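Trainee:
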Amino acid sequence: MMTKTTMLAVPLTRCDPPLEVQLDTALAAGAELVELRVDQIGDADAVARLLETRPTGRFVLTVRGRDEGGAWDGDDAERIALIERLGLLTPGYVDVELATWRRSANLRQKVGLVCRRTDHPADADERRKNKLILSMHDFSGIPDDLEARFAELAETPAAVVKIAVAAGDACDALRVLDLLHRHAAAHPVIALGMGEGGLLTRVLARKFGAFLSFAALQAGGESAPGQPTIEDMRNLYGWDRIAPPTRVFGVIGWPVSHSRSPHVHNAAMQAAGIDGVYVPAPVRPTYEAFAAFMDGVEARPWLDASGFSVTIPHKEHALLWLEQRGGEISPLTRGCGAVNTLVRTPHGWRGENTDGAAALAALSDALGWSGDARPEGLVEVLGAGGAARAVAAALRECGAAVVVTNRTPERAERLAAELGCGVRPWEQRAAADVDAIIQCTRVGMTPDAAESPVPAERLRPDLIVLDTVYTPRQTRLLREARERGATTIDGGEMFLRQAAAQFRLWHGRDPDAAVMRAALGPD
Ligand code: NAP
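So for the sequence shown, our numbering puts the first residue at 4; every next one is plus one.
In structure tokens form, the structure reads like this:
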């Protein structure tokens, strides 16, 4: 049997506000199933009242034991009695851990009274009963024998099998998606990666025909780590539009949870009617992890991965990976030494960098330049990381005079030598002969928003200051520069332009700039 479309299930984990109110809110928000986590709700009578008064048949009844991440600490006999009592009210589904099912013949017998025997679907009494979900949870990581554990579940009489494992990063998530890819067409399967690393599995569950995916009613209402809210699932990730052909885009970084790229790209794709979804892909901060993720993506053509944004700390890793795997690299990108965009072409992956041109475009639009006008005078780039390289390369490409300064001088010297820029000691940043500063360090970025990389007394009315930091958009540097009469441009302007350029690379057309701006959010 195959599930037609993956259901969105909201867990209820507390009894205040009243369960009836939470149920109505969940259904109004688009929940197709509601899981009653009796172990977390802690009030079996309130659950019984709900099942008696609201017999929707769209409930999953769960009394999860502590050994598999739940809050139930009573004994098996009590739990069995509870499942029998509430199961007789026909919630629709009953979830029991495989380990509990195995260890207790009494539980199997009692669950058999309230759950349908899958081999007797035509019997009217049987049809009125619940369906059994047998589940397995591993909070320590992805077991090496994941496939064997799935096979164990699949051999049971369960109507639906569920595996939930801790996903440390997006590489782990790919292994969970393998289960859905291999088995969801033949068997109702729930396969989820828990934690931030598993978000991919929760959002893409619908692409691969999982039985359900969970989404919390609101932040703080999660029944397991990493559940998005139902609001995010439907509005940010466009859950209702995800289908087997949906192409996959995302942002690779560590961390990535703060990124606004999913908001901006999903909104722009939705507005353009493009069948795609854009998801965060947290990948541990080493080259080996980056290469493992991209090799994993390459080995799974059924993922339909079509493009990635690459952010801290993987921009240089992406370039190295392309070099090692024979990928395509545009000359400007090679000059930057960093890749912020990966584009899937019919021949493989191509690396691009949209950061530098975006910084120039933000400058040019803010200052009202036209055509090929370029920055006059001396432009100082603060920093020597990925963003600084891209900005310096774009400035040099258009013939601007550039001087680089960085906390670690060797990095500035190397960058300056490669791109033909001047170099200055960090202590001499924002000297009197500098006409424009493009701030490309991480200083001033949340959570260090109280910091500024430039002493306020060096800021002057005739300076132009572009801060590439965009979380927050109004940094301390920009505030102090404005207070001293300088012309300022915030990192959001650059961010929107680099995102628009990525959109053009992936989709071959312009995005709706107003939609992207609205999705980025207020200053
Ligand atoms: P990166 O490669 O890790 O480089 C970080 C840079 O920040 C290095 O030059 C580093 O200096 C410097 N730095 C870090 N902490 C510092 C401190 N306490 N004092 C002085 N310098 C410090 O990062 P990246 O990818 O280039 O990103 C840098 C910034 O650009 C981030 O804030 C990012 O959000 C922003 N960015 C914005 C956009 C946009 O569209 N608006 C696009 C790309 C990047 P050392 O070499 O001494 O470590």
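Note that CB positions come from ideal geometry on N, CA and C, so glycine has one too.
Just so it is clear, the structure is predicted and the values come from calculations on it, not from any experiment.
What's the C-alpha gap between Arg-482 and Ala-452?
Mentor: The residue given as residue 482 occupies position 479 in the sequence shown. The residue given as residue 452 occupies position 449 in the sequence shown. Taking the straight line from one Cα to the other gives about 12 angstroms.
Trainee: Should Arg-67 go down as buried or exposed, given a rule of 16 or more other Cβ atoms within 10 Å for buried?
Mentor: Locating residue 67 in the sequence shown gives position 64, where the first residue counts as 1. Around the CB of Arg-67, 16 or more other CB atoms lie within 10 Å, so the residue is classed as buried.
Trainee: CB of Ala-522 to nearest heavy atom of the ligand NAP: below 6 angstroms?
Mentor: Within the sequence shown, numbered from 1, the residue matching residue 522 stands at position 519. Annotation for Ala-522 indicates a beta carbon at 6 angstroms or more from all heavy atoms of the ligand NAP.
Trainee: Please name the residue in Met-10, Glu-355, His-510 and Tyr-473 whose C-alpha comes closest to that of Arg-520.
Mentor: In the sequence shown, residue 520 corresponds to position 517, counting from 1. The residue with the shortest Cα to Cα distance from Arg-520 is Tyr-473.
Trainee: Using a Cβ-based criterion (distance less than 6 angstroms to any ligand heavy atom), does Asp-358 qualify as near the ligand NAP?
Mentor: Locating residue 358 in the sequence shown gives position 355, where the first residue counts as 1. Answer for Asp-358: yes, Cβ within range of the ligand NAP.
Trainee: Should Thr-411 be listed as close to the ligand NAP, given that the test is whether its C-beta is under 6 angstroms from any heavy atom?
Mentor: Here residue 411 corresponds to residue number 408 of the sequence shown, with the count starting at 1. Result yes, Cβ under 6 angstroms from the ligand NAP.
Trainee: Exposed or buried, His-350, counting other C-beta atoms within 10 Å across all chains shown (16 or more means buried)?
Mentor: As a first step, residue 350 is located in the sequence shown; it is residue number 347 there, counting from the start. His-350 comes out exposed.
Trainee: Does DSSP classify Ile-332 as helix, strand or coil?
Mentor: Residue mapping note: residue 332 aligns to position 329 of the sequence shown, counting from 1. It is a strand residue.
Trainee: Give the range of the alpha helix (DSSP H) segment to which Val-300 is assigned.
Mentor: Numbered from 1 along the sequence shown, position 297 holds the residue referred to as residue 300. Where Val-300 is concerned, the enclosing alpha helix (DSSP H) stretches over 290 to 301.
Trainee: Any idea which residues DSSP pairs Val-406 with across the strands?
Mentor: Reading the sequence shown from its first residue, position 403 is the one you call residue 406. Answer is Glu-383 and Gly-425.
Trainee: Secondary structure at His-317, three-state DSSP: helix, strand or coil?
Mentor: Here the question's residue 317 lines up with position 314 in the sequence shown. In the structure shown, His-317 sits in coil (DSSP, three-state: anything other than H, G, I, E or B).
Trainee: Taking 6 angstroms as the cut-off, does the CB of Thr-249 come closer than this to any heavy atom belonging to the ligand NAP?
Mentor: Here the question's residue 249 lines up with position 246 in the sequence shown. Checking the Cβ of Thr-249 against the ligand NAP gives no.
Trainee: Is it buried or exposed for Arg-392, if we count other Cβ within 10 angstroms and need 16 for buried?
Mentor: Here the question's residue 392 lines up with position 389 in the sequence shown. Burial state of Arg-392 is buried, judged by a 10 Å Cβ sphere holding 16 or more other Cβ atoms.
Trainee: Would you give the residue range spanned by the beta strand (DSSP E) that Ser-3 belongs to?
Mentor: Nothing about residue 3 can be read from this structure; the chain reaches only from 4 to 526.
Trainee: Closer than 6 angstroms to a non-hydrogen atom of the ligand NAP - does that hold for the CB of Gln-501?
Mentor: The residue you call residue 501 lines up with position 498 of the sequence shown. It does: the Cβ of Gln-501 is within 6 angstroms (strictly closer) of some heavy atom of the ligand NAP.
Trainee: Quick check: does the Cβ of Cys-443 come within less than 6 angstroms of any heavy atom belonging to the ligand NAP?
Mentor: For the purposes of this step, residue 443 is taken as the residue at position 440 of the sequence shown. Cys-443 Cβ: within cutoff of the ligand NAP.
Trainee: DSSP puts Cys-118 in a beta bridge; with which residues?
Mentor: Along the sequence shown, read from residue 1 onward, the residue named residue 118 stands at position 115. Looking at the DSSP assignment, Cys-118 forms a beta bridge with Asn-133.
Trainee: In the structure shown, what three-state DSSP assignment does Thr-6 receive?
Mentor: Counting from one through the sequence shown, the residue named residue 6 turns up at place 3. Note that Thr-6 has pLDDT 46, beneath the 50 cutoff, so the model's placement of it is unreliable and the number below is only indicative. Looking at Thr-6 - three-state DSSP - the assignment turns out to be coil, as it is neither helix nor strand.
Trainee: What's the C-alpha gap between Val-282 and Tyr-240?
Mentor: Here residue 282 refers to the residue found at position 279 when the sequence shown is read from its first residue. Here residue 240 refers to the residue found at position 237 when the sequence shown is read from its first residue. Whole-angstrom Cα-Cα distance: 7 angstroms.
Trainee: Please work out which residues of its chain come closer than 7 angstroms, Cβ to Cβ, to Leu-53, disregarding the five sequence neighbours upstream and downstream, and give them in chain order.
Mentor: Here residue 53 is taken as the residue at index 50 of the sequence shown, counted from 1. Contacts found: Leu-22, Glu-23 and Leu-26.
Trainee: Return the chain-ordered list of same chain residues with a C-beta closer than 7 angstroms to the C-beta of Pro-514, the five sequence neighbours on each side being excluded.
Mentor: In the sequence shown, counting from the first residue as 1, residue 514 sits at position 511. Result list for Pro-514: Ala-271, Ala-275, Ala-503 and Phe-506, in chain order.
Trainee: Reducing DSSP to helix, strand and coil, say where Val-24 ends up.
Mentor: Taking the sequence shown and counting its residues from 1, the one referred to as residue 24 is at position 21. Residue state, collapsed to three classes: helix.
Trainee: Looking at Ala-390 and the ligand NAP, is the gap between the Cβ and the nearest heavy atom below 6 angstroms?
Mentor: Translated into positions along the sequence shown, residue 390 becomes position 387. Indeed, a heavy atom of the ligand NAP lies less than 6 angstroms from the Cβ.
Trainee: Evaluate the contact criterion for the segment 353 to 372 versus the segment 479 to 499: three or more CB pairs, one atom per stretch, below 8 angstroms.
Mentor: yes
Trainee: Buried or exposed for Arg-512, please, with buried defined as at least 16 other CB atoms from any protein chain shown within 10 angstroms of its CB.
Mentor: For the purposes of this step, residue 512 is taken as residue 509 along the sequence shown, with counting starting at 1. When all chains shown are included, Arg-512 counts as exposed.
Trainee: CA-CA distance, Pro-14 and Pro-334?
Mentor: Start at 1 with the first residue of the sequence shown, and residue 14 comes out as number 11. Start at 1 with the first residue of the sequence shown, and residue 334 comes out as number 331. Each residue's alpha carbon lies about 50 angstroms from the other.
Trainee: Can you list, in chain order, the residues of its chain whose CB lies under 7 angstroms from that of Gly-224, leaving out five sequence neighbours each side?
Mentor: The residue you call residue 224 lines up with position 221 of the sequence shown. Excluding positions up to five away in sequence, the list reads Thr-16.
Trainee: Sorry if obvious, but does the Cβ on Phe-498 come closer than 6 angstroms to a heavy atom of the ligand NAP?
Mentor: For the purposes of this step, residue 498 is identified with residue 495 of the sequence shown, where counting begins at 1. At least one heavy atom of the ligand NAP is nearer than 6 angstroms to the Cβ of Phe-498, so yes.
Trainee: Roughly how many angstroms separate the alpha carbons of Pro-458 and Arg-399, rounded to a whole number?
Mentor: Position 455 of the sequence shown, counted from the first residue, corresponds to residue 458. Position 396 of the sequence shown, counted from the first residue, corresponds to residue 399. Arg-399 has its alpha-carbon roughly 26 angstroms from the corresponding atom of Pro-458.
Trainee: Does the ligand NAP have a heavy atom nearer than 6 angstroms to the CB of Val-472?
Mentor: For this step, residue 472 is matched to residue 469 along the sequence shown. Checking every heavy atom of the ligand NAP against the Cβ of Val-472, one is found closer than 6 angstroms.
Trainee: Does Glu-379 pass the burial test, meaning 16 or more other C-beta atoms within 10 Å, or should it be called exposed?
Mentor: Against the sequence shown, residue 379 aligns to sequence position 376. Residue burial is scored here from C-beta neighbours: Glu-379 has fewer than 16 other C-beta atoms within 10 angstroms and is therefore classed as exposed.
Trainee: Across the segment 248 to 262 and the segment 226 to 234, are there enough close Cβ pairs to call them in contact, namely three or more that are closer than 8 angstroms?
Mentor: no
Trainee: Since Tyr-281 sits in a beta bridge, which residues does DSSP pair it with?
Mentor: In the sequence shown, counting from the first residue as 1, residue 281 sits at position 278. Looking at the DSSP assignment, Tyr-281 forms a beta bridge with Phe-252.
Trainee: Determine the closest residue to Pro-247 out of Gly-279, Leu-220 and Ala-218, with distance taken between C-alpha atoms.
Mentor: Residue mapping note: residue 247 aligns to position 244 of the sequence shown, counting from 1. Answer by Cα proximity: Gly-279.
Trainee: What is the rounded straight-line gap between the Cα of Pro-288 and the Cα of His-190?
Mentor: Locating residue 288 in the sequence shown gives position 285, counting from the first residue. Locating residue 190 in the sequence shown gives position 187, counting from the first residue. Straight-line Cα distance between these residues: approximately 36 angstroms.
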